[in-house]
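Asker:
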Amino acid sequence: AWTKKLDAGKWPDSLIRNDWPLRVPSGHLVSGPTLAGGRMFVSLTELGVVVAMDEKDGRALWSYATGGRLDTPPTLTGDACLVGSHDGWVYTLDAASGKLAWRFRAAPASRRIVAFGQMESSWPVIGGVLADGGLAYAVAGRNTETDGGVFVHALDPASGKAAWSSHRPSFAAANQAYLGDRPGYGMADLLASDGTSIAIGGRASGQFGPKTGEVIRKWPWKFNVPVAVGFNYVSRNLYGYGPGEYPPCPVAFTDAFSCGPAVRFKSEKEKVRITAIVARPVPAKTPAGNLWDVPLDVVAVAESIVIAGDKVLVAVSRTADGKRSGELLILRAGDGSKAGSVDLPAPPVFEGIAVGADRVFVSLEDGTIACLGAGR
1325 AWTKKLDAGK WPDSLIRNDW PLRVPSGHLV SGPTLAGGRM FVSLTELGVV
1375 VAMDEKDGRA LWSYATGGRL DTPPTLTGDA CLVGSHDGWV YTLDAASGKL
1425 AWRFRAAPAS RRIVAFGQME SSWPVIGGVL ADGGLAYAVA GRNTETDGGV
1475 FVHALDPASG KAAWSSHRPS FAAANQAYLG DRPGYGMADL LASDGTSIAI
1525 GGRASGQFGP KTGEVIRKWP WKFNVPVAVG FNYVSRNLYG YGPGEYPPCP
1575 VAFTDAFSCG PAVRFKSEKE KVRITAIVAR PVPAKTPAGN LWDVPLDVVA
1625 VAESIVIAGD KVLVAVSRTA DGKRSGELLI LRAGDGSKAG SVDLPAPPVF
1675 EGIAVGADRV FVSLEDGTIA CLGAGR
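1325 is the number of the first residue of the sequence shown in the numbering used here; add one for each residue after it.
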């Protein structure tokens, strides 16, 4: 329907910048899109800028520069556009005009360090903002083991006032060998909600109560993020990992089944990687076992997966003969059969699909936003 190439900047010509693109999935100049109210929103990650566009034609409506890098798309709730920045602040913008409504310093102090060639807070807001149950949640800090830990906040989206704040330092004991037993231990990451509790990166050790912030341990849990999504990991899904394992993989859920990539090898002797899109039942609903799988060619990587009605949309990147390309693969959700495909003008970014208004929006590595669907 349309494409729009944004001025997302470029990587600086220095050696230290080479570390930043390794941070999957934030190693792209543009984030995936979010949709609400006839508008599409993206983050220009390296520039720290939020951009709002008209979803009908891609026309830029407004932009807002925060004080640091962004690693996730903006969050939309009501008339508010919320974004967490690596400067340690949470910003709330009016979704229609882009004007600043309020900002909240999630970092405990205004201390800066050099990180990946830019100035950042010692406690960046990692993984953006989660809006759930009338509150907005954000995590500042990199790890419970560094710089005094991580800081979790629940905010009123309308006023920016904190409903509660919680400090998560290390709970290590001298004789405690297994780190997973520490309540609240680990790296900052995406927040996920199962309706009764919230977890950092979907980890049981990172769960807390949404109304009070108390650390809880609940097993089993029902999070739609099975493991840490990996904003602090540098690996890609290349070495035999499957859904629910490190390193991060795109995963899509419905009430009936989930989809995610698995990596296999042609044979024991021929170690050639094959990516397969695997549809699995949700264990709580149906017996375990794959519904279907669709192998991709060895140069393909599934970057994003979205279940939309009776279709599964898969954004695929390919690297062959030193060239990068992209494709949107359309599968039938019932059996995985191919319903169609669309060549993309550039490779898609990790978790770069949004679906709305009978259209598919895809963020691409070169800063282009592609809108696919019937013209209007």
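Heads up, the beta-carbon is just placed ideally off N, CA and C, and yes, glycines get one too.
Does the beta-carbon of residue 1466 have 16 or more other beta-carbons within 10 angstroms, so that it is buried, or is it exposed?
Answerer: buried
Asker: State the Cα-Cα distance for the pair residue 1352 and residue 1674, rounded to the nearest angstrom.
Answerer: 8 Å
Asker: Under three-state DSSP, which class holds residue 1633?
Answerer: coil
Asker: Going by DSSP, name the residue or residues bridged to residue 1477.
Answerer: DSSP output for residue 1477 lists 1462 and 1489 as bridge partner(s).
Asker: Straight-line CA distance for residue 1691 to residue 1371?
Answerer: 12 Å
Asker: Give me the Cα-Cα distance between residue 1614 and residue 1605, rounded to the nearest whole angstrom.
Answerer: 7 Å
Asker: So, with DSSP's three-state summary, where would you put residue 1664?
Answerer: The answer is strand: DSSP assigns residue 1664 an E or B state.
Asker: Thinking just about the alpha-carbon of each residue, which of 1452, 1649 and 1510 is nearest to the one in residue 1469?
Answerer: Of the listed residues, the one whose Cα sits closest to residue 1469 is 1510.
Asker: Hey, residue 1472 and residue 1493: beta-carbon distance below 8 Å or not?
Answerer: yes
Asker: From 1661, 1622 and 1654, pick the residue whose C-alpha is nearest to that of residue 1645; which is it?
Answerer: 1622
Asker: Am I right that residue 1405 and residue 1417 are in contact with their C-beta atoms under 8 Å? What's the rounded C-beta distance?
Answerer: 4 Å
Asker: Is DSSP giving residue 1584 helix, strand or coil here?
Answerer: strand
Asker: Mark residue 1395 as exposed unless 16 or more other C-beta atoms lie within 10 angstroms of its C-beta, in which case mark it buried.
Answerer: buried
Asker: Excluding the 5 residues flanking residue 1683 on each side, which residues of the same chain have their C-beta closer than 6 Å to its C-beta?
Answerer: Around residue 1683: 1695 and 1697.
Asker: Tell me whether residue 1530 sits in a helix, a strand or coil according to DSSP, three-state version.
Answerer: helix
Asker: Are there 16 or more other CB atoms within 10 angstroms of the CB of residue 1559, so buried, or fewer, so exposed?
Answerer: Below a pLDDT of 50, predicted positions are generally treated as unreliable, and residue 1559, at 31, falls in that range; no measurement from the model is reported.
Asker: Ordered along the chain, which non-local residues of its own chain (more than five positions away) have a Cβ less than 6 Å from that of residue 1455?
Answerer: 1399 and 1401
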